[in-house]
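Q: In this note's numbering, the protein residues as written are 8 to 329.
We put the beta carbon where it would ideally sit given N, CA and C, even for glycine.
Every value quoted in this text rests on a predicted model; they were computed, and no experiment measured them.
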Ligand SMILES: Cc1cc2nc3c(=O)[nH]c(=O)nc-3n(C[C@H](O)[C@H](O)[C@H](O)COP(=O)(O)O)c2cc1C
């Protein structure tokens, strides 16, 4: 199941999905530690990135991908020249792969012709993709949905057009835009993309266990899986998926003591990255996910969400998981 993307050898095609508000540097580092073959940044809007870079070329604050290998940086936008410039900026600053967002279903984005709205305009889509491919020497990939709605499932055609202009990998979330996150991802429908292209294909959507990954790969014929929400509070899931795909028994989830260490480490990393005030708030959702399977999780969450004192929060976590 291994393949190469430019200079990056992918031996373990179990990827962490791009998720705004979730896959920041501290979370990506954690998931990488568990062996994800590739991690994706949160989506970066191309126009503000380009405008900021023009105003202050040395400023790097909106880039959080300094020391990761390999890192895919995802760009959103609907103007070919701006997307191309954004791709160049990201590649210059260390991205090993540029991923283009053709899947975001959020109204604010699609109303501006971004994300999955692009799937309705194949001509514009290809101009954007071609501009990005020509702008950078690192590989370019595209992440899309099955189509806009069930009457327009054009992922196979768009994926083939993207391959023809030099895209090196396609990811398909097995839902249409109009489904948003409802229903279940249709891994069988992704097979039509497999049949249309010969570059690596990654299947995404509702992969929450090692068994789901096998099922998704069998049904879609894809070369790898991308896991998003399944990693909420379970960054070790990528390792278990990989072990299962290699035929090894999946390692067990962390013990309570190991989990406590992992959460505290993630907590410290968030506080260091965002500063204490913002970090304490941002950490709450992760802690909620980590504790969600435990008895008393709701009460614990309420206690933790009340506190703005990191020392208190950490002591509470130690006591809860003791
Ligand atoms: C909170 C959240 C943020 C997301 N942000 C992005 C994003 O920035 N770019 C993107 O391509 N997809 C984004 N997605 C979609 C995911 O990458 C993925 O396609 C989707 O969640 C289905 O996979 P899953 O069932 O494994 O979560 C986001 C999803 C969620 C839940």
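#1: Determine the contact status of residue 169 and residue 91, defining contact as a CB-CB distance below 7 Å.
#2: If residue 23 sits next to residue 245, beta carbons under 8 Å apart, how far is it from one beta carbon to the other, in whole angstroms?
#3: Can you tell me the Cβ-Cβ gap for residue 50 and residue 111, rounded? I've got them flagged as a contact below 8 Å.
#4: Residues around ligand 1, please: the condition is that the C-beta lies closer than 6 Å to some non-hydrogen atom of it.
#5: For residue 180, report the span of its beta strand (DSSP E) as first-last.
#6: In chain order, what are the residue ranges of uninterrupted alpha helix (DSSP H) at least 4 long that sit wholly in the region 250-297?
#7: Going by the beta-carbon positions, is the gap between residue 81 and residue 25 smaller than 7 Å?
#8: In whole angstroms, what separates the C-alpha of residue 44 from that of residue 75?
#9: Could you tell me whether the region 203-214 touches the region 9-20, where touching means 3 or more Cβ pairs closer than 8 Å?
#10: Look at the alpha carbon of residue 114 and the alpha carbon of residue 149, and state the distance between them as a whole number of angstroms.
#11: In terms of alpha-carbon separation, which member of 164, 312, 46 lies closest to residue 198?
#12: Under DSSP, the beta strand (DSSP E) around residue 233 begins and ends at which residues?
#13: Short of 7 Å in beta carbon distance, which residues of its chain neighbour residue 157, apart from the five on each side in sequence? Order them along the chain.
#14: Using 7 Å as the limit for Cβ to Cβ distance, is residue 10 near chain B?
#15: Evaluate residue 64 with the Cβ neighbour count: other Cβ atoms within 10 Å of its Cβ, from every protein chain shown; 16 or more gives buried, anything less gives exposed.
#16: Give the single residue among 17, 28, 14, 108 whose Cα lies nearest to the Cα of residue 332.
#17: What are the boundary residues of the alpha helix (DSSP H) that includes residue 241?
#18: Only counting the same chain, and skipping five residues up and downstream in sequence, which positions put a Cβ closer than 6 Å to that of residue 333?
#19: From the DSSP secondary-structure annotation, give me the bridge partner or partners of residue 154.
#20: Mapping DSSP to helix, strand and coil, what is residue 34?
#21: Return the chain-ordered list of same chain residues with a C-beta closer than 6 Å to the C-beta of residue 297, the five sequence neighbours on each side being excluded.
#22: So is residue 301 buried or exposed if we call it buried at 16+ other beta carbons inside 10 Å?
#23: Looking only at C-alpha atoms, which of 291, 88, 100 sits nearest to residue 132?
#24: Please name the residue or residues paired with residue 118 in a DSSP beta bridge.
A: The relevant details are as follows:
#1: Within the chain shown, the letter at position 162 stands for residue 169. Within the chain shown, the letter at position 84 stands for residue 91. Cβ atoms of residue 169 and residue 91: not closer than 7 Å.
#2: Numbered from its first residue, the chain shown carries residue 23 at position 16. Numbered from its first residue, the chain shown carries residue 245 at position 238. About 7 Å separates the two Cβ atoms, so the contact holds.
#3: Here residue 50 refers to the residue found at position 43 when the chain shown is read from its first residue. Here residue 111 refers to the residue found at position 104 when the chain shown is read from its first residue. Residue 50 to residue 111, Cβ: 7 Å. Contact.
#4: Cβ atoms closer than 6 Å to ligand 1 belong to 24, 25, 26, 27, 28, 29, 49, 50, 81, 108, 110, 111, 150, 180, 211, 212, 213, 214, 234, 235, 236, 237.
#5: The residue you call residue 180 lines up with position 173 of the chain shown. In the DSSP assignment, residue 180 falls within the beta strand (DSSP E) that extends over 176-183.
#6: DSSP runs (the alpha helix (DSSP H)) wholly in the region 250-297: 263-281.
#7: Residue 81 sits at position 74 when you count from the first residue of the chain shown. Residue 25 sits at position 18 when you count from the first residue of the chain shown. Judged by their CB atoms, residue 81 and residue 25 are nearer to each other than the 7 Å cut-off.
#8: Stepping through the chain shown from its first residue, residue 44 is reached at position 37. Stepping through the chain shown from its first residue, residue 75 is reached at position 68. Distance between the alpha carbons of residue 44 and residue 75: 12 Å.
#9: The region 203-214 vs the region 9-20: in contact.
#10: Within the chain shown, residue 114 is the residue found at index 107, counting from 1. Within the chain shown, residue 149 is the residue found at index 142, counting from 1. If I take the Cα positions, the gap works out to 20 Å.
#11: Position 191 of the chain shown, counted from the start, is the residue given in the question as residue 198. Nearest C-alpha to residue 198: 164.
#12: Here residue 233 corresponds to residue number 226 of the chain shown, with the count starting at 1. For residue 233, the uninterrupted beta strand (DSSP E) segment begins and ends at 231-234.
#13: The residue labelled residue 157 in the question sits at position 150 within the chain shown. The answer, listed in chain order, is 183.
#14: No chain B is present in this structure, which holds just one protein chain.
#15: Locating residue 64 in the chain shown gives position 57, counting from the first residue. Counting the other Cβ atoms within 10 Å of the Cβ of residue 64 gives fewer than 16, which makes it exposed.
#16: Residue 332 cannot be examined here, being either before or after the span of the chain that is shown, 8 to 329.
#17: Stepping through the chain shown from its first residue, residue 241 is reached at position 234. Run containing residue 241: none; DSSP gives neither H nor E here.
#18: As shown, the chain starts at 8 and ends at 329. That puts residue 333 outside it, with no answer to give.
#19: Taking the first residue of the chain shown as position 1, residue 154 is located at position 147. Residue 154 pairs with 183.
#20: Reading the chain shown from its first residue, position 27 is the one you call residue 34. Of the three classes helix, strand and coil, the one that applies to residue 34 here is helix, per DSSP.
#21: Counted from its first residue, the chain shown places residue 297 at position 290. Excluding its 5 nearest sequence neighbours in each direction, residue 297 has C-beta neighbours in its own chain below 6 Å: 240, 270, listed in chain order.
#22: For the purposes of this step, residue 301 is taken as residue 294 along the chain shown, with counting starting at 1. That one is exposed.
#23: In the chain shown, the residue the question calls residue 132 occupies position 125. Just measuring C-alpha positions, the residue of 291, 88, 100 sitting nearest residue 132 is 88.
#24: Within the chain shown, numbered from 1, the residue matching residue 118 stands at position 111. Answer is none; residue 118 lacks a bridge partner.
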